[in-house]
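In short: position in the sequence shown from 1, add 87, done, that's the working numbering.
Where is the CB? At the ideal position from N, CA and C, for every residue including glycine.
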Amino acid sequence: MQARSRLDTDEKGTPVQPTALGVDLESMCVRLKRLDFLPTEPQVARKLISISESNNLAPEELAKVAELEPAFAIRLFREGAHSESAPESLENLVTAVQVTKVPNVLSLMKAHATRTLRRDAYVFRHFSLTEYWRHSVAVAMGSKVLALLTNKVDPEIAYLAGLLHDVGYLVHASQIPAAHEEIFFAARSNREEYGVEEHRRLGWTHAESGAMLCREWCMPAPVVSAAANHHMPEFDNEHYEVSSIVALADRMAHETGFANASTAPPAATALLLNQLKLAPAQVGAISQVMVNHVLRAQSILDVHQ
Ligand SMILES: [Fe+2]
Ligand SMILES: [Fe+2]
Numbered sequence: 088m089q090a091r092s093r094l095d096t097d098e099k100g101t102p103v104q105p106t107a108l109g110v111d112l113e114s115m116c117v118r119l120k121r122l123d124f125l126p127t128e129p130q131v132a133r134k135l136i137s138i139s140e141s142n143n144l145a146p147e148e149l150a151k152v153a154e155l156e157p158a159f160a161i162r163l164f165r166e167g168a169h170s171e172s173a174p175e176s177l178e179n180l181v182t183a184v185q186v187t188k189v190p191n192v193l194s195l196m197k198a199h200a201t202r203t204l205r206r207d208a209y210v211f212r213h214f215s216l217t218e219y220w221r222h223s224v225a226v227a228m229g230s231k232v233l234a235l236l237t238n239k240v241d242p243e244i245a246y247l248a249g250l251l252h253d254v255g256y257l258v259h260a261s262q263i264p265a266a267h268e269e270i271f272f273a274a275r276s277n278r279e280e281y282g283v284e285e286h287r288r289l290g291w292t293h294a295e296s297g298a299m300l301c302r303e304w305c306m307p308a309p310v311v312s313a314a315a316n317h318h319m320p321e322f323d324n325e326h327y328e329v330s331s332i333v334a335l336a337d338r339m340a341h342e343t344g345f346a347n348a349s350t351a352p353p354a355a356t357a358l359l360l361n362q363l364k365l366a367p368a369q370v371g372a373i374s375q376v377m378v379n380h381v382l383r384a385q386s387i388l389d390v391h392q
């Protein structure tokens, strides 16, 4: 893993000198090797506990729940990839449930959700787990629709890549919460894009830590790549299609109102639409699909605020 970010200068071309927030990317890499948990949105966690007490759930039904919750989805993938009957490469959540076995997934769900609710440490002042959750679910569905329209990427992989594109936020929120809050507050106050503020203060961004975690937790290569490159898909030489789709869905989610930070990421909507051969008139319909999906997810998981 490259320890250097591609954002080596600020918007005026001045070399960036990260301030000392006490953690460099190599240290984070070491932490991630020991990490086995990321926090879930509290309302979602409460619903997961009640779902975990259900009987007779099919693997497909459990996968449908997991695909609405980024922290649990990636945890399930990790579990599936380490199970005895795991295929050489795990590609989707249904297979992750099947190889982990439904009773084990239900136990994992309960333990995961309980752990989130037990810790005061996952209560934040500036960062909102609820906004993060809505944004992730919106980008997931936007990515899937764009994959279906462009026919260049497996829609399920695109969904997973969208769901986990900002998983680095959860890494920062749980591993360096004080720095995360400081960066989040500064980005909001300065009306600055979160990634720029991160790079200014840490010297690296959630794209890098998120991609490291996705790799560590055995996510498919296009998902890792989209986490790494969703702010600058033009740098992705291996999985440009999925990274550009996620970048566009990310931008659309911000413009639809599912914002995860003070300002939208830098990927240009018009340029990406053009590259993906999509008409600007399609944006409204895709936004509406995102809204419907978030509303449906809120209803299924009892998210009211
Ligand atoms: Fe991002
Ligand atoms: Fe995002």
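Can you tell me whether DSSP reads Leu-236 as helix, strand or coil?
-> Residue numbering aside, residue 236 sits at position 149 when the sequence shown is read from its first letter. Helix at Leu-236.
Pairwise C-alpha distance: Leu-236 and Leu-180 = Indexing the sequence shown from 1 puts residue 180 at position 93. Indexing the sequence shown from 1 puts residue 236 at position 149. Whole-angstrom Cα-Cα distance: 22 angstroms.
Determine the DSSP secondary structure at Cys-305, reduced to helix, strand or coil.
-> In the sequence shown, the residue the question calls residue 305 occupies position 218. Cys-305 falls in the coil class under three-state DSSP.
Do the stretch 125-132 and the stretch 214-234 meet, that is, are 3 or more Cβ pairs less than 8 angstroms apart?
-> yes
Could you check if Arg-278 is buried or exposed, using at least 16 other CB atoms within 10 Å of its CB as the buried criterion?
-> Counting from 1 along the sequence shown, the entry for residue 278 is found at position 191. Exposed is the call here.
Three-state secondary structure assigned by DSSP to Ser-137 | Locating residue 137 in the sequence shown gives position 50, where the first residue counts as 1. Looking at Ser-137 - three-state DSSP - the assignment turns out to be helix.
Does the stretch 305-320 come within contact of the stretch 239-248, defined as at least 3 CB pairs closer than 8 angstroms?
-> yes
Based on Cα-Cα distance, which residue from Ala-294, Ile-332, Ser-141 lies nearest to Thr-356?
-> As a first step, residue 356 must be located in the sequence shown, where it is residue number 269. Here the closest residue by C-alpha is Ile-332.
Do three or more CB pairs link the stretch 113-123 to the stretch 287-307 at distances below 8 angstroms?
-> yes
Does ligand 1 have a heavy atom nearer than 8 angstroms to the CB of Tyr-281?
-> Mapped onto the sequence shown, residue 281 falls at position 194. Relative to ligand 1, Tyr-281 has its C-beta within less than 8 angstroms of a heavy atom.
Please state whether DSSP places Asp-389 in a helix, a strand or coil.
-> Within the sequence shown, numbered from 1, the residue matching residue 389 stands at position 302. Three-state result, Asp-389: coil.
Grab me the residues of Asp-323's own chain with a C-beta within less than 7 angstroms of its C-beta, minus the 5 sequence neighbours each way, in chain order.
-> Looking up residue 323 in the sequence shown gives position 236. Ser-312, Asn-316, Ser-330, listed in sequence order.
Length of the line joining the Cα atoms of Ser-230 and Asn-379 | Indexing the sequence shown from 1 puts residue 230 at position 143. Indexing the sequence shown from 1 puts residue 379 at position 292. About 14 angstroms.
Where does the unbroken alpha helix (DSSP H) through Ala-265 begin, and where does it stop?
-> Position 178 of the sequence shown, counted from the start, is the residue given in the question as residue 265. It spans 264-276 - the alpha helix (DSSP H) in which Ala-265 sits, taken as one unbroken run.
Hey, out of Asn-361, His-391, Asp-389, whose CA is closest to Leu-233's CA?
-> By 1-based counting over the sequence shown, the position of residue 233 is 146. Ranking the options by Cα distance to Leu-233, first place goes to Asn-361.
Got a sec, what are the start and stop residues for the alpha helix (DSSP H) Asp-111 sits in?
-> The sequence position of residue 111 within the sequence shown is 24, counting from 1. Looking at the DSSP string, Asp-111 is not in any alpha helix (DSSP H), and its letter there is neither H nor E.
Answer yes or no: the CB of Ala-340 versus the heavy atoms of ligand 2, is any distance below 8 angstroms?
-> The residue labelled residue 340 in the question sits at position 253 within the sequence shown. Checking the Cβ of Ala-340 against ligand 2 gives yes.
Closest residue to Asp-31 among Ala-150, Arg-133, Ala-227 (Cα-Cα distance) | Here the chain covers residues 88 to 392 and nothing more, so residue 31 does not appear.
What's the call for Ala-389, buried or exposed, on a 16-neighbour Cβ count within 10 Å?
-> Walking along the sequence shown from the start, residue 389 turns up at place 302. In the sequence as displayed, the identity of residue 389 is Asp instead of Ala. Counting Cβ neighbours within 10 Å, Asp-389 comes out exposed, since fewer than 16 surround it.
To which residues of the same chain is Pro-242 closer than 6 angstroms at the C-beta, ignoring the five residues directly before and after it?
-> The sequence position of residue 242 within the sequence shown is 155, counting from 1. Once the five neighbours on either side are set aside, the close Cβ partners of Pro-242 are Lys-231, Ala-234, Leu-235.
Could you tell me whether any non-hydrogen atom of ligand 3 is closer than 8 angstroms to the CB of Leu-216?
-> Looking for ligand 3 in the displayed structure turns up nothing; the ligands present are ligand 1 and ligand 2.
Label Ser-276 either buried or exposed according to how many other C-beta atoms from any shown protein chain fall within 10 Å of its C-beta, with 16 as the threshold for buried.
-> Here residue 276 is taken as the residue at index 189 of the sequence shown, counted from 1. So Ser-276 counts as exposed.
What are the boundary residues of the alpha helix (DSSP H) that Gly-282 is part of?
-> Numbered from 1 along the sequence shown, position 195 holds the residue referred to as residue 282. Element bounds for Gly-282: 281-289.
Over what stretch of residues does the alpha helix (DSSP H) that includes Asp-337 continue unbroken?
-> Here residue 337 is taken as the residue at index 250 of the sequence shown, counted from 1. First-last of the alpha helix (DSSP H) with Asp-337: 327-343.
Note down, in chain order, each residue of its chain lying with its Cβ closer than 6 angstroms to the Cβ of Thr-343, except the 5 sequence neighbours on either side.
-> Counted from its first residue, the sequence shown places residue 343 at position 256. Only Ser-374, Met-377 meet the Cβ criterion.
So, do the stretch 166-176 and the stretch 141-153 have three or more beta carbon pairs nearer to each other than 8 angstroms?
-> no
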